[in-house]
């Protein structure tokens, strides 16, 4: 599945809402951006408020929904321990690139 498909799939579960003044609230792209920034930089939920204009509680909820979606979509294939065959293949690739014994 393409990343834009992931954003679309998750945004269907967390639709964009409208504020009382008929303005749109936080977009799904803002929610995903906040989640990815928290994961990439290891910051807390309060670190994304200036960048994507999200409150701490909302950022925490977005991160929870985002990670649940990743686990649901890719958990069987990517979020597992490497098998002995995987390790052998990775070591072989490393040796071919000049990193022997890694």
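Numbering (our numbering), first residue to last: 3 to 104.
Even for Gly, the Cβ is constructed at its ideal location relative to N, Cα and C.
Do residue j and residue i come within 7 Å of each other at the CB atom, strictly closer than that value?
i          : j          : result
residue 61 : residue 50 : yes
State buried or exposed for residue i, treating a residue as buried only when at least 16 other CB atoms are found within 10 Å of its CB.
i          : result
residue 10 : Bear in mind that the predicted position of residue 10 carries a pLDDT of just 47, short of 50, making it unreliable; the figure below should be weighed with that in mind. It is exposed - the Cβ of residue 10 has fewer than 16 other Cβ atoms within 10 Å.
residue 2  : This structure leaves residue 2 out entirely; the chain is present only between 3 and 104.
residue 95 : exposed
residue 40 : buried
residue 73 : exposed
Can you find the residues in the same chain that come closer than 6 Å, C-beta to C-beta, to residue i, ignoring five residues on each side of it along the sequence?
i          : result
residue 36 : 50, 54, 56, 61, 64
residue 48 : 58
residue 66 : none
Return the chain-ordered list of same chain residues with a C-beta closer than 8 Å to the C-beta of residue i, the five sequence neighbours on each side being excluded.
i          : result
residue 32 : 54, 55, 56
residue 89 : none
residue 84 : 92
Assuming residue i contacts residue j under a Cβ cut-off of 8 Å, what Cβ separation, rounded to an integer in Å, is found between them?
i          : j          : result
residue 34 : residue 68 : 6 Å
Which residues in the same chain as residue i place their Cβ atom closer than 7 Å to its Cβ, once the five residues preceding and following it in sequence are excluded?
i          : result
residue 38 : none
Residue ranges of each alpha helix (DSSP H) within the segment 47-81, 4 or longer
51-54, 58-80
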